[in-house]
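Under the numbering used here, the first residue of the sequence shown carries the number 6, and numbering increases by one thereafter. For glycine and all other residues, C-beta sits at the position ideal for the given N, C-alpha and C. Because the structure is a prediction, the values reported are computed rather than measured. Have a look at the structure below before the remarks.
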Amino acid sequence: MTDGVLHYNAVARTLHWTIGLLVIVNIVLGITHDALKDVFPAIQLHESIGATVLVLSLFRLAWRITHPAPPLPDGIPAWRRTAAKSLHWLFYALMIGMPLAGWIFTSAAKWPITIFWLFDLPKFAVTKTDPIVGFLHQAHVVAGWSWSGLLLIHIGAALQHQFVLRDHVLNRMWRAAPGG
Ligand code: HEM
Ligand code: HEM
6 MTDGVLHYNA VARTLHWTIG LLVIVNIVLG ITHDALKDVF PAIQLHESIG ATVLVLSLFR
66 LAWRITHPAP PLPDGIPAWR RTAAKSLHWL FYALMIGMPL AGWIFTSAAK WPITIFWLFD
126 LPKFAVTKTD PIVGFLHQAH VVAGWSWSGL LLIHIGAALQ HQFVLRDHVL NRMWRAAPGG
């Protein structure tokens with residue numbers, strides 16, 4: 006027996022929850038790094054997790070392009086399909102754009118960008134006075150806060166599907182289709 010709804014495949018589901026968790030941790034670390042800096046090297050961890058998100062997201066985007074999303078169940082209005090699709094593609098842009106922006110503006114700092122205390126990332130050839138550095142720094146901060154708000158909408162929509170509309174949309178991303 007299936008639940009009559011097509012599900013995302015195991016690779017897409019694993020990447021969704023892994024990247025999702027890392028992004029949430031990184032938003033919290035980004036906002037709190039200054040307060041935490043005497044407790045542990047929060048910004049180095051932030052940069053390492055961000056670089057991991059970049060690599061996983063490039064793979065995820067390639068996977069998504071070669072493995073289209075399963076069609077949504079019938080009965081979901083057109084405006085809601087369009088809103089979900091737009092938000093999902095915006096999330097892909099953020100998953101790649103946020104760490105890239107972080108990497109570029111941090112390249113202008115004196116300290117190395119050390120990944121999990123194992124190796125240093127190569128730096129972009131930029132200095133603190135380049136306009137692009139200031140712009141990407143500001144963009145990183147604004148996009149980080151905006152992403153938190155968009156994430157609440159995304160989570161709210163998933164919970165509404167599960168508990169109000171009861172249409173198995175959360176299951177598509179949560180587990181394999183039963184029996185299918
Ligand atoms: C930072 C955290 C998260 C990010 C970046 C994220 C990103 C995404 C993206 C890009 C998609 C579209 C997948 C595709 O079609 O390729 C998606 C789908 C989905 N996400 Fe998230 N997500 C996050 C957290 C969550 C959380 C916490 C929940 C649940 C409470 C959730 C539930 C879902 C569901 C149910 C879908 C499938 C929607 C459908 O059936 O089309 N996500 N997510
Ligand atoms: C998914 C990836 C990432 C997310 C979601 C993210 C998010 C954030 C957020 C929310 C802030 C706090 C903004 C504020 O209120 O000041 C922040 C700050 C920061 N991020 Fe990221 N970031 C990511 C990746 C990176 C990467 C890859 C680097 C560098 C290699 C980086 C470097 C920094 C630095 C240096 C700050 C501190 C800026 C300051 O205090 O002025 N981030 N990040």
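Would the beta-carbon of Arg171 be found less than 7 Å away from any heavy atom of ligand 1? For the purposes of this step, residue 171 is taken as the residue at position 166 of the sequence shown. Flag unset: Cβ of Arg171 not near ligand 1.
Spatial distance of Ile158 from Val58 (CA atoms): Residue numbering aside, residue 158 sits at position 153 when the sequence shown is read from its first letter. Residue numbering aside, residue 58 sits at position 53 when the sequence shown is read from its first letter. So the two alpha carbons sit approximately 21 Å from each other.
Just to check, is the beta-carbon of Gly102 closer than 7 Å to a non-hydrogen atom of ligand 2? Numbered from 1 along the sequence shown, position 97 holds the residue referred to as residue 102. The answer is no for Gly102.
Following a CB-centred definition, is Phe96 positioned closer than 7 Å to any heavy atom of ligand 1? By one-based count along the sequence shown, residue 96 stands at place 91. Answer for Phe96: yes, Cβ within range of ligand 1.
Using the Cβ count rule (16 or more neighbours within 10 Å means buried), how would you classify Ala113? Taking the sequence shown and counting its residues from 1, the one referred to as residue 113 is at position 108. With 16 or more Cβ atoms within 10 Å of its Cβ, Ala113 is classed as buried.
Would you please state the rounded distance, in angstroms, between the beta carbons of Ile118 and Trp108? I believe it to be under 8 Å. The residue you call residue 118 lines up with position 113 of the sequence shown. The residue you call residue 108 lines up with position 103 of the sequence shown. About 7 Å separates the two Cβ atoms, so the contact holds.
Compare the beta carbon distance of Ile32 and Trp152 with 8 Å and say whether it is the shorter of the two. On the sequence shown, residue 32 is found 27 positions in, with the first residue counted as 1. On the sequence shown, residue 152 is found 147 positions in, with the first residue counted as 1. The answer is yes: Cβ separation under 8 Å.
Confirm, please, whether the CB-CB distance from Val16 to Arg177 is below 8 Å. The residue given as residue 177 occupies position 172 in the sequence shown. The residue given as residue 16 occupies position 11 in the sequence shown. Not a contact, by the Cβ cut-off of 8 Å.
Would a check of beta-carbon distances place Val60 closer than 8 Å to chain D? Here there is only one protein chain, and chain D is not present.
Please state whether the Cβ-Cβ distance between Leu2 and Ala148 is less than 8 Å. No statement about residue 2 is possible, as the shown extent of the chain runs from 6 to 185 and does not include it.
Within 10 Å of its beta-carbon, does Ala67 have 16 or more other beta-carbons around it, so buried, or fewer, so exposed? On the sequence shown, position 62 is the one that residue 67 refers to. So Ala67 ends up on the exposed side.
Using the Cα positions of Phe129 and Phe110, report the straight-line distance between them to the nearest angstrom. One-based indexing of the sequence shown puts residue 129 at position 124. One-based indexing of the sequence shown puts residue 110 at position 105. Their Cα atoms are separated by approximately 9 Å.
Going by the DSSP bridge assignment, what does Asp125 pair with across the sheet? Here residue 125 refers to the residue found at position 120 when the sequence shown is read from its first residue. Paired residue(s): Thr119.
If you draw a straight line from the C-alpha of Trp150 to the C-alpha of Leu156, how long is it? The sequence position of residue 150 within the sequence shown is 145, counting from 1. The sequence position of residue 156 within the sequence shown is 151, counting from 1. Cα to Cα, the separation comes out at about 10 Å.
Decide yes or no for the touch test of the segment 71-89 against the segment 156-175: beta carbon pairs closer than 8 Å, at least 3 of them. yes
Which term fits Val44, buried or exposed, when burial requires 16 or more other beta carbons within 10 angstroms of its beta carbon? Against the sequence shown, residue 44 aligns to sequence position 39. Exposed.
For the alpha helix (DSSP H) that contains Tyr13, what are its first and last residues? The residue you call residue 13 lines up with position 8 of the sequence shown. From DSSP, Tyr13 is part of no alpha helix (DSSP H); its letter is neither H nor E.
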